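Undergrad:
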Amino acid sequence: MNREFPEKLTVILLLAAVCLCIFGAATGEMEDVFIKAVNICMECIGLG
Numbered sequence: 020m021n022r023e024f025p026e027k028l029t030v031i032l033l034l035a036a037v038c039l040c041i042f043g044a045a046t047g048e049m050e051d052v053f054i055k056a057v058n059i060c061m062e063c064i065g066l067g
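If you number the sequence shown the way my numbering does, the last residue is 67 and the count never jumps.
1) Taking just the CA atoms, how far does residue 30 sit from residue 22?
2) Could you tell me the alpha carbon to alpha carbon distance between residue 28 and residue 47, rounded to whole angstroms?
3) Between which two residues does the alpha helix (DSSP H) containing residue 92 stretch?
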C-alpha cells in the first residue's frame with residue numbers, strides 16, 4: 020500500500036463529514052441535537 024492512499028481516504032472522509040453536517044443543518048437537525056444536548060446536561064446537573 021502506498022502512502023498516498025491514506026491521505027486520499029482522509030480527504031474523502033473529511034469531505035463526506037462536512038457534506039453531511041451541512042445537510043443536517045439545512046434540514047433542521049441541528050436544533051433537535053441541541054435540544055437533546057441541553058436536556059441531557061440539565062439531567063446531569065440536576066436542574067431538570
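Yeah, the Cβ is synthetic: ideal placement off N, Cα and C, and Gly gets one too.
Quantities reported herein were computed from a predicted structural model and do not represent experimental measurements.
TA: Looking at the atomic coordinates:
1) Looking at the two C-alpha atoms, the distance is approximately 13 Å.
2) Each residue's alpha carbon lies about 29 Å from the other.
3) Since the first and last residues shown for the chain are 20 and 67, residue 92 lies out of range.
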